[in-house]
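Chains as they are written, first to last, in the working numbering: chain A, 111 to 1046; chain B, 111 to 1046.
There are 2 protein chains.
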Amino acid sequence: MDTLQQEGGELEWKESARWVKFEEKVEEGGERWSKPHVSTLTLHSLFELRTCLQTGSILLDLEGYSLPQIIVEQQITDGLIPPDLKEKIIFVLLRKHRHQTKKPIHRSLADMGKSSNTASSNRSTSSTSGIHRSTEDLRSRQSSSLGRLRESHKHTHLKNKFMKKIPRDAEASNVLIGEVDFLDKPFVSFVRLAQATTLGGLTEVPVPTRFLFILLGPHGKTKSYNEIGRAIATLMVDDLFSDVAYKARDREDLIAGVDEFLDEVIVLPPGEWDPKIRIEPPKKVPSAEMRKSVLNLNELGQVNGLAGGAAGGEDEELPAPHELGEELKFTGRIGGGLWLDIKRKIPWYCSDIYDGFHIQSISAVLFIYLGCITNAITFGGLLGDATDNYQGVMESFLGTALAGSVFCLFGGQPLIILSSTGPILIFEKLLYEFSKNNDVDYMELRLWIGLHSCLQCFLLVFSDASYIIKYMTRFTEEGFSSLISFIFISDAIKKMVGAFKYYPINRGFKPDYITAYKCECIAPDQAPALGLNASAPLADDNMTLLFNLTDLDWSQLSKKECVKYGGMLVGNSCKYVPDLALMSFILFFGTYSMTVSLKKFKFSRYFPTKLRTLISDFAIIISILVFCGLDCLLALDTPKLHVPTELKPTRSDRGWLVMPFGKNPWWWCVASFVPALLVTILIFMDQQISAVIVNRKENKLKKSCGYHLDLFWVGVLMAVCSFMGMPWYVAATVISIAHIDSLKMESESSAPGEQPQFLGVREQRLTGTLVFVLTGLSVFLAPILQYIPMPVLYGVFLYMGVASLSGIQFWERIKLYLMPPKHQPDFSFLRHVPMRRVHLFTLVQIVCLAVLWILKSTFLAIIFPVMILGLMVVRKLLDLMFSQHDLAWLDDILPDKDKKKKEDEKKKKKDKKAPEPESDEEVRKCTICQVWICLS
Amino acid sequence: MDTLQQEGGELEWKESARWVKFEEKVEEGGERWSKPHVSTLTLHSLFELRTCLQTGSILLDLEGYSLPQIIVEQQITDGLIPPDLKEKIIFVLLRKHRHQTKKPIHRSLADMGKSSNTASSNRSTSSTSGIHRSTEDLRSRQSSSLGRLRESHKHTHLKNKFMKKIPRDAEASNVLIGEVDFLDKPFVSFVRLAQATTLGGLTEVPVPTRFLFILLGPHGKTKSYNEIGRAIATLMVDDLFSDVAYKARDREDLIAGVDEFLDEVIVLPPGEWDPKIRIEPPKKVPSAEMRKSVLNLNELGQVNGLAGGAAGGEDEELPAPHELGEELKFTGRIGGGLWLDIKRKIPWYCSDIYDGFHIQSISAVLFIYLGCITNAITFGGLLGDATDNYQGVMESFLGTALAGSVFCLFGGQPLIILSSTGPILIFEKLLYEFSKNNDVDYMELRLWIGLHSCLQCFLLVFSDASYIIKYMTRFTEEGFSSLISFIFISDAIKKMVGAFKYYPINRGFKPDYITAYKCECIAPDQAPALGLNASAPLADDNMTLLFNLTDLDWSQLSKKECVKYGGMLVGNSCKYVPDLALMSFILFFGTYSMTVSLKKFKFSRYFPTKLRTLISDFAIIISILVFCGLDCLLALDTPKLHVPTELKPTRSDRGWLVMPFGKNPWWWCVASFVPALLVTILIFMDQQISAVIVNRKENKLKKSCGYHLDLFWVGVLMAVCSFMGMPWYVAATVISIAHIDSLKMESESSAPGEQPQFLGVREQRLTGTLVFVLTGLSVFLAPILQYIPMPVLYGVFLYMGVASLSGIQFWERIKLYLMPPKHQPDFSFLRHVPMRRVHLFTLVQIVCLAVLWILKSTFLAIIFPVMILGLMVVRKLLDLMFSQHDLAWLDDILPDKDKKKKEDEKKKKKDKKAPEPESDEEVRKCTICQVWICLS
């Protein structure tokens, strides 16, 4: 909207507001655009607009030249204004236009259609003295509503950032509203051009104009005119009304359009709302199709009847059923599922590579890489402990790199990250103890178990067994993923608490008595020392050391050396390590909380959106760097990440290849079938649940998934890893979720004020592959990696655990316990399920989780995946406790029960779809709008 | 709103929504009230309602018995329904009512007026079999809108929490909406009772009913009927419409009321808003008076003309001018201001005491007490250093207690907290150095300066000089208070950094080489040691020590002893103190961030509002306790708060009273007039600016203030403190703001959904007095206080500094620099002042502050208050740079310029006030509403 202002004695139109979808106002005196907001109109103005359209002149499909003349002459012909005002009105219409943020553009309505045709030779004649006087009282407004602009335009000087927000082939509607003192009744004209034409500087951006609405009226009603201008601009950006305006044949069509709009309008009672409040654009608005179908139904008089069928109608529909897609259909053919998976994934393969080239990928790779190596190191260390270094950190690194990169390159769902998991670790531990106690060769036994397990996996793949995943509902998924998240969180905290034990703080320390604190290495009496040490530690040392022992300067020895040579550590500071525990805590907690705050920074008001998104995307990397920097600065000896630097097996007495025969009796090859069964269940459950979580509908994955293909590769890798004596790998839920989160896409160029929509995930194979290649190369990156303190990585672990909890409905429901009803968020299930039932359902889940947690902490951890099957049984039992209606909202309905419902619903949908208009329409275009005010 | 439901074969009305001010819906199947929200109506339903009122029967001022009969008979008389339906309709109307949250209450409309009169003997007769059949298809709704309920009610079993939300003497409107299959056109009836009558269980809470709206209609339009019910309920809670309903004489009055409502209604375009979104109640709604006056103006046809006068009318009004109230008027009489101050304060004196009895006071007292003693200790310590302990921590404690409690008991603004401030400290330091260098007795000189200064203060008081404060605008105030806040923040951080210097961390520490770290005290060679030590440290020791020196076991000595006896500290751990620095940091930062999060907790969704408010009120105390606990747990030797335990002057060679004569030549008594002048300016500025900040209009103080009285007492205390050799005291901005913040009141019982309003501050003398009494008693509290680590208190300081920054517009404007325009909050000044000007203004302020900061850091700090005067000059110069319009929004207009404007505005106001209705109305009552749905 422009305002007609007297600038240096001259009258001009000034832009005062614009609409693309929502209203943006030029702040009075603010010289800036307001935030986009929902246009709140007064009912009054809409009725006045309706009257205007009824009485004013409607000119449809005009040619784009000499417009002012035509408009004014039409009015004179209609007898609406006396002929002597013609010149004056044309003069006002031809005033210059001035845009927000710019010096006045010296073009006016007189330039209309210049590019296309003859036009406006009467500009000079119109400035008569009679009119000059009148301009002093003249107040007028123009609202230019841009709509549907064409792309073939090259006014480069006008291309500004705003242009980016406007969809291609949009066209503009210009609304000119003014107040002049020579009129005694309003002059109204609605014009539709036959062809969208560029009207010079009329619009802010090079958009051809299609519609013109002109309202000039007598003095004294500025506010009312302005409201009418806002009303018509809002109407012009309305999807349905703009359709009407394009197709209208006469005045009646337009008025019907206004009436239709009025019929749909939402009303706020004046006592409950202050009209000055600018309403933020909502997250979602009903689509034009939806509104149209409702309207059509209304016309058919059906909507009330239909809605009346269910109690209270409006939002009684059941939530969309849990659909796992065709990937999990039982084909009935051998390997049919696998074949379909491959057929599904092949066409995407190229895009899987080039979709990865995006700045977001860098952040994702770094983040997941750090997660992976931390995981590899922790599990490597634990495995090394459990198996006397038969599998150590080195094997863990190489195995992760190998398994991960193969899976990411060829797997069905390359977003899944493979990793060692807890249950496998426990299995290996038990297996090693068993083989040590029974004198069986561990590596060979393990190889056979791996091979059996691999075969069993193939069996599952070729029999399409993955289809049973369909029976896993939200209840099971959420139980599993929250459990894994809790394990992450508790592990991170445990490690941190461990630091306090590993670096005990000297609590009684008094700075004044520093002289009393010491720790000395005192030589034992020579004889017992030699006798003691001769047994173990000196065994692999050479004789020179033994020789030197007597000459040792005991007080110069370090703590380790002292212990090694059998010295006694005497003193009150020996058990304590200063600063490190507290420093570790600061690093740990600092990394975690900085990551959280940086992630939240995305929603702050500071800095442009792009920068904020970048900061939020790189939140983890930034925090890691900051706290590594802090650690370097203080130069304390905090525990650091230590990566093996040489490519050789951790244990020197094993090679890179495990031989299948030779060390164990032959029947072990057969007997290992039994433990392999356990491993297979474990892997199957772990892998497929993670896959289901990754493939959730909420993630809007477009390149379908491949459960069978995934399992196939896990089986293959199992065999390979067994041969190479590396750990077994399976999908890691938390890291996979983190991977997906770091690759989420949001829509960018939307109309001002529209919320960015979550578009989906950058599905590709590049990030995953890179992560694992980097993991493999980590052996060479050791000099850099050694600057990363472990507490920082534990902080990252904590963040991963907490982040993967958020967004789980189960977690939201737990929070509800603490909220009084009136503060609870407006979850859709709360609108439909009684509070008691919701709480009861949550309680059942909590109890299940608690049981699982306890089992996990005992040796029963090995049957952990079987417990997940147990969850599915519990879910089945819930059918007895809860109504299907409640379960549909809180969980999903189990497939067999689902079927009938679905069919019913399909029928319903068909009924509903029937009256919908055939979509022979052009693709809906976004309409934009500007309003200008012009004052003397 | 109740729904008529078939429960065990019987038909009943079920409550489905209620309105007090905003709508609360019963969630479908949710069995709970929704959050209060703004009722979004459809325009359609409002028009339908209008039609209903036009065609239905309107029964005004009925007696409250046999209602159903009357209603139905009236309709039959009017020929709207055939007489044979009478029984059926009455049957439906008499069904039982069932409230949300309760078992059905076995009362029905049939009980109407039972308490007052005869009534309903026809209940049994109405249940004919013909109707029993019909109930199977019968769907009906009832919306009972409670309004204006009377307090004289004693149905104790119905008294629930909801009752608290309803204002006294409210009355109810009940809206019954139903769908029955025996009608073929709607049955509409609007009833107003002559006397509000309790209609049994009709309303959820014991509220007498005044209005009834009944709509029964043919089957198939439930949704539409429901919308009509919501529309009438919304209308009934509308302030203006309910007035109309009370006063209406006939149908036309009601319809005019609906039209008036429609005229004001706010419309949201359907394409920009999803009607399913529930709109949260706004912070502020236009008051009924405002709306009425706008309406009246509209009727007079003036509003457009008036608004048209300014460009764009709607929000062009200038902000309310900066009014300091009559307290600062220049009376022209000697001591006139002081006399008025006393006269103003006396009537409040009693309430000043008993207003203090509130739980909030406890939190405020503890918080401010901790702030005060921390301040007393820090300043005491610094003063002790600066004056060789002539004034130390002990003097600081007693002085604070004395000055503070006197001021709080007798001062004009008891919310102000007195404290030592930076500029005074610097003055004392310079003064002490001067007197030491010139052999003048410091205490005596100081006494005379104090006396002169006191006299000068009296002079200022009696000449009403405080009126010049009027020239201090927001610019000056904000500059001053941000500077003080920055000093607080920087001091807290400096202290923290100091801890790292005081407890150096051994950065090169390697846990393994612990054996190499030691610190030993080594005896110097006897001769040089004795020779050296004979000079200073041994001077005040007795001979026995000297005698023992040769027998000393040097290795057993502590660090301090070792240094004392001239030993050498040898070793690589001597300069380091482990853990304490990091622990201090954790305590410092932990206290700060926990306080911030607990304060924010008030706005979270968890726990009931009361508990959250409590937690937020006690945030600081909770954090202090938590971190003291943590400190105790780790039992590290962190620096603790040490309070002197004996009541004697810090320096043993001075007494509690300073004699005015004897030590210095007589002319010093006169000469001290000059430095006293400096002190007076300093005190005057410091005191009055703090007072202006405390008395800000935003704080909504009701018991006016007393600038002259304040200054009078500061003068008196100045003299007293000088005599007793205690520091001088003046208002401390940051602590005073913290005091006010901790005493803020918010409205409690408001209609569901209404935002609590900030009501003002608990103005009283009790908290302040208690704080200072406690400070005085701290000497005896030492055993408890010694558990508080200093870093925790620094954290509190940091919080105080940061908290007092928030809410300063200057700070908000600084933040704007970092925000892209579209994310900027909707500040009113941004709507009216161009961005460039806002930024320029902020920049000027930043430069001024930077200059002040630099000055403060040099010896010029002593003329710091004069610099504040400088700020006022800068502000005067800004008149040349900025237009008065911009300044009015960003700052305030200076008084002289203000005058003319004010007069103009007064005129305007008078004009505006003229058309306003004479307020002969009863006090506006809040209206409440319930809606019920009833389905078969």
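Using N, Cα and C, we set each Cβ at its ideal position, and we do this for glycine too.
Short Cβ contact (8 Å threshold) for G514 of chain A with V503 of chain A: Translated into positions along the first sequence, residue 514 of chain A becomes position 404. Translated into positions along the first sequence, residue 503 of chain A becomes position 393. No, Cβ-Cβ distance for G514 of chain A and V503 of chain A is not below 8 Å.
Environment of S143 of chain B [buried if 16+ CB atoms lie within 10 Å]: Along the second sequence, read from residue 1 onward, the residue named residue 143 of chain B stands at position 33. The question names Ser, but residue 143 of chain B in the sequence shown is Trp. Classification for W143 of chain B: buried.
For R941 of chain A and E158 of chain A, the rounded distance between their alpha carbons: Numbered from its first residue, the first sequence carries residue 158 of chain A at position 48. Numbered from its first residue, the first sequence carries residue 941 of chain A at position 831. Their Cα atoms are separated by approximately 39 Å.
Rounded to the nearest angstrom, how far is the Cβ of E794 of chain B from that of D574 of chain B, given a contact under 8 Å? Looking up residue 794 of chain B in the second sequence gives position 684. Looking up residue 574 of chain B in the second sequence gives position 464. Here residue 794 of chain B is Phe; the residue named in the question, Glu, does not match the sequence. Between D574 of chain B and F794 of chain B the Cβ distance is about 13 Å, and since that is not below 8 Å, they are no contact.
Below 8 Å on the Cβ atoms is my contact criterion, and I expect I534 of chain B with P837 of chain B to pass it. Report the Cβ-Cβ distance as a whole number of Å. For the purposes of this step, residue 534 of chain B is taken as the residue at position 424 of the second sequence. For the purposes of this step, residue 837 of chain B is taken as the residue at position 727 of the second sequence. I534 of chain B to P837 of chain B, Cβ: 7 Å. Contact.
What's the call for M769 of chain A, buried or exposed, on a 16-neighbour Cβ count within 10 Å? Within the first sequence, numbered from 1, the residue matching residue 769 of chain A stands at position 659. Exposed: under 16 other Cβ atoms inside 10 Å.
Could you list the residues in the region 940 to 954 of chain A with a C-beta less than 7 Å from some C-beta on chain B, going in chain order? L940, R941, H942, V943, P944 and M945
If you measure from the beta carbon of F292 of chain B to each beta carbon in chain A, is any gap under 8 Å? Residue 292 of chain B sits at position 182 when you count from the first residue of the second sequence. It does not: the Cβ of F292 of chain B has no partner Cβ on chain A nearer than 8 Å.
On a Cα-Cα basis, can you pick out the residue from B:K628, B:V182, B:D188 and B:G189 that is closest to F201 of chain B? Looking up residue 201 of chain B in the second sequence gives position 91. Among B:K628, B:V182, B:D188 and B:G189, the Cα nearest to that of F201 of chain B belongs to B:V182.
First and last residue of the beta strand (DSSP E) that includes T307 of chain B? Here residue 307 of chain B refers to the residue found at position 197 when the second sequence is read from its first residue. T307 of chain B -> beta strand (DSSP E) spans F297 to T307.
Taking contact to mean at least 3 C-beta pairs separated by less than 8 Å, is the region 292 to 310 of chain A in contact with the region 153 to 173 of chain A? Touching, yes.
Roughly how many angstroms separate the alpha carbons of M900 of chain B and F737 of chain B, rounded to a whole number? The residue labelled residue 900 of chain B in the question sits at position 790 within the second sequence. The residue labelled residue 737 of chain B in the question sits at position 627 within the second sequence. Computed Cα separation, rounded: 11 Å.
Compute the beta-carbon to beta-carbon distance between N774 of chain B and L555 of chain B, rounded to the nearest angstrom, for a pair I have assumed lies under 8 Å. As a first step, residue 774 of chain B must be located in the second sequence, where it is residue number 664. As a first step, residue 555 of chain B must be located in the second sequence, where it is residue number 445. N774 of chain B to L555 of chain B, Cβ: 6 Å. Contact.
Is it true that the CB of P688 of chain B sits closer than 8 Å to the CB of F619 of chain A? Locating residue 619 of chain A in the first sequence gives position 509, counting from the first residue. Locating residue 688 of chain B in the second sequence gives position 578, counting from the first residue. Yes, the pair counts as a contact, with Cβ atoms nearer than the cut-off.
Per-residue contacts from F1052 of chain A into chain B (C-beta, under 9 Å): Outside the displayed span of chain A (111 to 1046) sits residue 1052 of chain A, for which this structure offers no information.
K710 of chain B versus B:R722, B:G700, B:F699 and B:G339, residue with shortest Cα-Cα distance: Here residue 710 of chain B refers to the residue found at position 600 of the second sequence. Answer by Cα proximity: B:R722.
With a threshold of 8 Å between beta-carbons, can H752 of chain B be considered close to chain E, or not? Reference to chain E is not applicable here, since the protein chains of this structure are A and B.
What distance in whole Å lies between the Cβ atoms of V377 of chain A and L345 of chain B, which are believed to be in contact at a cut-off of 8 Å? Counted from its first residue, the second sequence places residue 345 of chain B at position 235. Counted from its first residue, the first sequence places residue 377 of chain A at position 267. So it is not a contact: roughly 11 Å between Cβ atoms.
Check whether chain A comes within 8 Å of V377 of chain B, counting only Cβ atoms and requiring the distance to be less than that. Position 267 of the second sequence, counted from the start, is the residue given in the question as residue 377 of chain B. Judged by the 8 Å Cβ criterion, V377 of chain B is in contact with chain A.
Spatial neighbours of S563 of chain B in its chain, beta-carbon cut-off 6 Å, leaving aside the 5 residues before and after: Within the second sequence, the letter at position 453 stands for residue 563 of chain B. The answer, listed in chain order, is A786, V789, T790 and M828.
Name the one or two DSSP bridge partners that C518 of chain B has. Taking the first residue of the second sequence as 1, we reach residue 518 of chain B at position 408. Bridge partners of C518 of chain B: none, in fact.
Taking DSSP as the reference, what is the three-state secondary structure of V130 of chain B? Residue 130 of chain B sits at position 20 when you count from the first residue of the second sequence. In this structure, V130 of chain B counts as coil in the three-state DSSP scheme.
Does DSSP put C460 of chain A in a helix, a strand or coil? Here residue 460 of chain A corresponds to residue number 350 of the first sequence, with the count starting at 1. C460 of chain A falls in the helix class under three-state DSSP.
How do the region 581 to 598 of chain B and the region 439 to 455 of chain B stand: do at least 3 beta-carbon pairs fall below 8 Å, yes or no? no
Less than 8 Å between C-beta atoms, sequence neighbours within five positions excluded: which residues of the same chain meet that for I180 of chain A? Position 70 of the first sequence, counting from 1, holds the residue named residue 180 of chain A. Only L169 and L172 meet the Cβ criterion.
When the cut-off is 8 Å and only beta carbons count, does D622 of chain A lie next to chain B? Numbered from its first residue, the first sequence carries residue 622 of chain A at position 512. Output row for D622 of chain A: interface = yes.
Under 8 Å Cβ-Cβ, which residues of chain B neighbour N616 of chain A? Taking the first sequence and counting its residues from 1, the one referred to as residue 616 of chain A is at position 506. Within chain B, the residues near N616 of chain A are P688 and D689.
Quick one: measure Cβ to Cβ for V475 of chain A and T877 of chain A, integer angstroms, because I've assumed they're closer than 8 Å. For the purposes of this step, residue 475 of chain A is taken as residue 365 along the first sequence, with counting starting at 1. For the purposes of this step, residue 877 of chain A is taken as residue 767 along the first sequence, with counting starting at 1. Rounded, the Cβ-Cβ distance is 5 Å, consistent with contact.
P296 of chain B versus A355 of chain A: straight-line alpha-carbon distance, rounded: Numbered from its first residue, the second sequence carries residue 296 of chain B at position 186. Numbered from its first residue, the first sequence carries residue 355 of chain A at position 245. Their backbone Cα atoms lie some 37 Å apart in a straight line.
Find the residues of chain B that neighbour P391 of chain A, judging by a C-beta separation of less than 9 Å, and give them in chain order. Your numbering for residue 391 of chain A matches position 281 in the first sequence. Near P391 of chain A (Cβ distances below 9 Å), the residues of chain B are E382 and W383.
Counting only Cβ-Cβ distances shorter than 8 Å, please list the residues of the region 141 to 152 of chain A near chain B, keeping chain order. E141, R142, W143, S144, K145, P146, V148, S149, T150, L151 and T152
Report back the beta-carbon spacing between T332 of chain B and E289 of chain B to the nearest angstrom; my notes put them in contact at under 8 Å. Residue mapping note: residue 332 of chain B aligns to position 222 of the second sequence, counting from 1. Residue mapping note: residue 289 of chain B aligns to position 179 of the second sequence, counting from 1. About 5 Å; that satisfies the 8 Å criterion.
Stretch pair the region 700 to 710 of chain A + the region 723 to 735 of chain A: three plus CB contacts closer than 8 Å: Contact holds: three or more Cβ-Cβ distances are below 8 Å.
Where the beta strand (DSSP E) through C631 of chain A begins and ends: Within the first sequence, numbered from 1, the residue matching residue 631 of chain A stands at position 521. Element bounds for C631 of chain A: E630 to I632.
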